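Worksheet: the structure to be examined is printed underneath.
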Amino acid sequence: MASFSSRGRNIVDPNILKRTVSNVGSSMRVSKFSAISPKEYSITATPNILKFNCVGEQMNITITMTANNKHGPDQYYFGWYAWTDEHHIVRSPVAVSFP
Numbered sequence: 174m175a176s177f178s179s180r181g182r183n184i185v186d187p188n189i190l191k192r193t194v195s196n197v198g199s200s201m202r203v204s205k206f207s208a209i210s211p212k213e214y215s216i217t218a219t220p221n222i223l224k225f226n227c228v229g230e231q232m233n234i235t236i237t238m239t240a241n242n243k244h245g246p247d248q249y250y251f252g253w254y255a256w257t258d259e260h261h262i263v264r265s266p267v268a269v270s271f272p
């Protein structure tokens with residue numbers, strides 16, 4: 174699970190999670206990013222499309238969570254992001270807390 178917390182930080186600063194992902198499927202695979210989050214924050218990925226050329230190929234990604242100014246203090250919010258290709262969905266849950 175990806176967990177973000179803005180405790181001790183300026184809540185308008187984005188929180189960043191860096192990951193390395195590996196292609197365990199077929200070669201020539203293209204995966205697209207999507208996210209579902211409550212209105213209190215947004216989730217984006219860079220890059221948002223992964224184009225793998227071979228099995229085992231690795232790519233670096235950055236997941237960014239950005240809060241808006243309409244969230245409750247000391248509350249938790251939940252969402253998810255996913256990478257989808259023509260045959261698979263790889264989904265990761267996200268938990269977010271604000272001061």
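Residue numbers are given in my numbering: position 67 of the sequence shown equals residue 240, and the series is strictly consecutive.
Backbone N, C-alpha and C fix where the C-beta goes; we use that ideal spot for every residue, glycine too.
This one's a predicted model, so the numbers in the text were calculated from it and none came from an experiment.
Supposed contact pair Val263 and Ala255 - C-beta distance, whole angstroms, cut 8 angstroms: 6 angstroms
Pairwise C-alpha distance: Ile216 and Gln248: Looking at the two C-alpha atoms, the distance is approximately 18 angstroms.
Other residues of its chain near Asn226: CB distance less than 8 angstroms, five sequence neighbours each side excluded: Ser200 and Met201
Supposed close pair Val194, Met238 - CB separation, criterion 8 angstroms: Not quite, the Cβ-Cβ distance comes to about 18 angstroms (not below 8 angstroms), so this is no contact.
Per-residue burial, Ile236 [other beta carbons within 10 Å of its own, 16 or more giving buried]: By the Cβ neighbour-count rule, Ile236 is buried, with 16 or more other Cβ atoms within 10 Å of its own.
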